[in-house]
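Colleague: As they're listed, the protein sequences go chains A and B. First residue of the first sequence: 0, per numbering that gives the first Met the number 0; consecutive thereafter. First residue of the second sequence: 0, per numbering that gives the first Met the number 0; consecutive thereafter.
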Amino acid sequence: MKPVKTIGCEEALTHLLEYLDRELGAVKHREVERHLDICRSCFSRGEFEQRLKAKLREAGRETAGESFGERIKLLLRGF
Amino acid sequence: MSASMDRGVFEEQVTGLLDELLGAALRLAKNRHDAEDVVAEAVTKAWENRNSLKDPERFRPWIFRILTNTFLTDCRKTSARPTADVRLDDAAEPGGSFSLFEEIHQPFLLWWSNPEQEFLNKVLREDVERAVDALPEAFRAVVVLADLEGFSYQEIAGILDVPIGTVRSRLARARGVLQKALWEHAKEAGLTTSRTNTNEACHETSQDDRV
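(1) Can you tell me which of B:27, B:22, B:29, B:68 puts its alpha carbon nearest to the alpha carbon of residue 44 of chain B?
(2) Name the chain B residues whose beta carbon is nearer than 7 Å to that of residue 63 of chain A?
(3) Count the other C-beta atoms from every protein chain shown that fall within 10 angstroms of the C-beta of residue 73 of chain A, then say buried if there are 16 or more, exposed otherwise.
(4) Hey, out of B:141, B:136, B:160, B:46, whose CA is closest to residue 28 of chain B's CA?
(5) At what residue ranges does the region 0-24 of chain A contain a whole run of the beta strand (DSSP E), taking only runs of 3 or more?
(6) Residue 78 of chain A and residue 35 of chain B: beta carbons closer than 8 Å?
(7) In three-state DSSP terms, what is residue 97 of chain B?
(8) Please state if the CB of residue 133 of chain B and the CB of residue 66 of chain B are separated by a distance shorter than 8 Å.
(9) Start and end of the alpha helix (DSSP H) containing residue 54 of chain B?
(10) Going by the CB atoms, is the gap between residue 177 of chain B and residue 122 of chain B shorter than 8 Å?
(11) I want to see whether chain B comes within less than 8 Å of residue 56 of chain A, judged by CB atoms only; does it?
(12) Select from A:32, A:61, A:70 the residue whose C-alpha is nearest the C-alpha of residue 46 of chain A.
(13) Report all residues from its chain with a CB closer than 7 Å to the CB of residue 89 of chain B; omit the five preceding and five following residues, and keep chain order.
(14) Tell me, please, whether the CB atom of residue 117 of chain B is closer than 8 Å to any CB atom in chain A?
(15) Looking only at C-alpha atoms, which of B:161, B:163, B:172, B:16 sits nearest to residue 142 of chain B?
(16) From residue 96 of chain B to residue 59 of chain B, what does the alpha carbon distance come to, in whole angstroms?
(17) In chain B, which residues lie with their C-beta within 9 Å of the C-beta of residue 75 of chain A?
(18) Looking at the structure shown, is residue 74 of chain A part of a helix, part of a strand, or coil, going by DSSP?
(19) Taking the continuous alpha helix (DSSP H) assigned at residue 148 of chain B, which residues delimit it?
(20) Could you tell me which of B:71, B:19, B:4, B:48 sits nearest to residue 148 of chain B, measuring between CA atoms?
(21) Residues in its own chain within less than 7 Å of residue 167 of chain B by CB, not counting five upstream and five downstream?
(22) Does chain A have any CB closer than 8 Å to the CB of residue 96 of chain B?
(23) In whole angstroms, what separates the C-alpha of residue 62 of chain B from that of residue 115 of chain B?
(24) For the region 145-174 of chain B, which residues have a beta carbon sitting closer than 8 Å to at least one beta carbon of chain A?
(25) Taking 6 Å as the limit between beta carbons, can you name the residues of its chain near residue 29 of chain A, skipping five residues before and five after?
(26) Over what stretch of residues does the alpha helix (DSSP H) that includes residue 36 of chain B continue unbroken?
(27) Check the Cβ of residue 24 of chain A against every Cβ in chain C and list those closer than 9 Å, keeping chain order.
(28) What number of angstroms, rounded off, separates the C-alpha of residue 163 of chain B from the C-alpha of residue 103 of chain B?
(29) Apply the 10 Å Cβ neighbour rule to residue 63 of chain A and answer buried if 16 or more other Cβ atoms are within range, or exposed otherwise.
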């Protein structure tokens, strides 16, 4: 495997959210990962963004509930 | 949907996704009543257009596409959905490059305090909901699909029928605006105060600097 290129904070932060979303190509992903291994501040920011993402994910959780579930069930039975 | 998928399979799929569909609809429509109507209409449209799903494995992104389109195209007339912001993704958005972390982070406190983690500990679900709800429609959709529902950028591009580059840029700006809204709300609620030193948000260190 080729050695991972060293990147600076600016480049790492540019790609940080896509890194956390697992949307970077393999090479760029390793570069950001490597930077987070050696940069305490960017690592902290990564942790922060990750926790914020978890908070957002939590905000999307909803329970349909019995009444709405029944409405959809009736709708489906009518198809 | 393939012609062989019968009503029973369709019902099973919809029932399994109902919580997720409602969760997304609720953040898009901002209120439970409208959200339930959006889901019900999307389920009806999905059934009517079931032959448009070629790969049954792709049921989830397929029905979320229908859900999102139902909201965006059919339900804009209600008061919960402002129309003025529909095209603003093409314009510069104030707050689009805002970083909550850079506002809160205090490098000189690194070893004995962690204000950004303390901030997150204080942020309630309703604070996050309020910030998402305040996003312009085009931004709200990508945040809902990416951060709340966990779709990939490629899937979101398919759901919203936009290029993947648009998803990337819209999501980046949406997150900036969202973080700014959270920050403003936190300040108003007295959860935090702005730090004074903003020039040290990022410091590269070598492996040897780590303890």
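Just so you know, even glycine gets a beta-carbon here, dropped at the ideal spot from N, CA and C. Bear in mind the structure is a predicted one, so any value in this text is a computation, not a measurement.
Modeller: Walking through what the data contain:
(1) As a working note, residue 44 of chain B is residue 45 in the second sequence. Considering only alpha carbons, the answer is B:68.
(2) In the first sequence, counting from the first residue as 1, residue 63 of chain A sits at position 64. Under the 7 Å cutoff, chain B gives 17, 18, 21.
(3) By 1-based counting over the first sequence, the position of residue 73 of chain A is 74. Classification for residue 73 of chain A: exposed.
(4) Sequence index remark: in the second sequence, residue 28 of chain B carries index 29 (1-based). Each of B:141, B:136, B:160, B:46 was checked against the Cα of residue 28 of chain B, and the nearest Cα belongs to B:136.
(5) DSSP assignment within the region 0-24 of chain A yields no whole beta strand (DSSP E) run of 3 residues or more.
(6) As a first step, residue 78 of chain A is located in the first sequence; it is residue number 79 there, counting from the start. As a first step, residue 35 of chain B is located in the second sequence; it is residue number 36 there, counting from the start. Result no, Cβ atoms of residue 78 of chain A and residue 35 of chain B do not sit closer than 8 Å.
(7) Within the second sequence, residue 97 of chain B is the residue found at index 98, counting from 1. DSSP, reduced to helix, strand and coil, places residue 97 of chain B outside both helices and strands of the structure shown, so it counts as coil.
(8) The sequence position of residue 66 of chain B within the second sequence is 67, counting from 1. The sequence position of residue 133 of chain B within the second sequence is 134, counting from 1. Going by C-beta atoms, residue 66 of chain B is not nearer than 8 Å to residue 133 of chain B.
(9) Translated into the one-based positions of the second sequence, residue 54 of chain B becomes position 55. Going by DSSP, residue 54 of chain B is part of no alpha helix (DSSP H) at all; its letter is neither H nor E.
(10) For the purposes of this step, residue 122 of chain B is identified with residue 123 of the second sequence, where counting begins at 1. For the purposes of this step, residue 177 of chain B is identified with residue 178 of the second sequence, where counting begins at 1. Contact flag unset, no.
(11) In the first sequence, the residue the question calls residue 56 of chain A occupies position 57. It does; some Cβ of chain B falls within 8 Å.
(12) Taking the first sequence and counting its residues from 1, one reaches residue 46 of chain A at position 47. If you compare the alpha carbons of A:32, A:61, A:70 with that of residue 46 of chain A, the shortest gap goes to A:32.
(13) One-based indexing of the second sequence puts residue 89 of chain B at position 90. Note on residue 89 of chain B: pLDDT 45, under 50, position unreliable in the model; the coordinate value appears next. Here the set comprises nothing.
(14) Position 118 of the second sequence, counting from 1, holds the residue named residue 117 of chain B. No, residue 117 of chain B lies away from the interface with chain A (no Cβ there is under 8 Å from its Cβ).
(15) For the purposes of this step, residue 142 of chain B is taken as residue 143 along the second sequence, with counting starting at 1. For residue 142 of chain B, the closest alpha carbon among the candidates B:161, B:163, B:172, B:16 is that of B:172.
(16) Taking the first residue of the second sequence as position 1, residue 96 of chain B is located at position 97. Taking the first residue of the second sequence as position 1, residue 59 of chain B is located at position 60. Residue 96 of chain B and residue 59 of chain B have their C-alpha atoms some 31 Å from each other.
(17) The count along the first sequence starts at 1 and reaches residue 75 of chain A at position 76. By Cβ distance, chain B contributes 6, 9, 10, 13, 14, 42, 46.
(18) The count along the first sequence starts at 1 and reaches residue 74 of chain A at position 75. In the structure shown, residue 74 of chain A sits in a helix (DSSP, three-state: H, G or I).
(19) Residue 148 of chain B sits at position 149 when you count from the first residue of the second sequence. Per DSSP, residue 148 of chain B belongs to no alpha helix (DSSP H) and is neither H nor E.
(20) Mapped onto the second sequence, residue 148 of chain B falls at position 149. Between residue 148 of chain B and the set B:71, B:19, B:4, B:48, the nearest pair of CA atoms involves B:19.
(21) Walking along the second sequence from the start, residue 167 of chain B turns up at place 168. Excluding residues within five positions, the ones whose Cβ falls inside 7 Å are 152.
(22) To locate residue 96 of chain B, count along the second sequence from 1; it is residue 97. Closer than 8 Å: no.
(23) What you label residue 62 of chain B is simply residue 63 of the second sequence in a count that begins at 1. What you label residue 115 of chain B is simply residue 116 of the second sequence in a count that begins at 1. Straight-line Cα distance between these residues: approximately 37 Å.
(24) Here the close residues are 145, 146, 147, 148, 149, 151, 152, 167, 170, 171, 174.
(25) In the first sequence, the residue the question calls residue 29 of chain A occupies position 30. A distance below 6 Å between beta-carbons, with the five flanking residues on each side excluded, links residue 29 of chain A to the following residues of its chain, in chain order: 3.
(26) To locate residue 36 of chain B, count along the second sequence from 1; it is residue 37. Unbroken alpha helix (DSSP H) run through residue 36 of chain B: 31-47.
(27) The displayed structure is made up of protein chains A and B, and chain C is not among them.
(28) Your numbering for residue 163 of chain B matches position 164 in the second sequence. Your numbering for residue 103 of chain B matches position 104 in the second sequence. The C-alpha of residue 163 of chain B lies about 31 Å from the C-alpha of residue 103 of chain B.
(29) Numbered from its first residue, the first sequence carries residue 63 of chain A at position 64. Residue environment: residue 63 of chain A is assigned as buried (16 or more neighbouring CB atoms within 10 Å of its CB, all protein chains considered).
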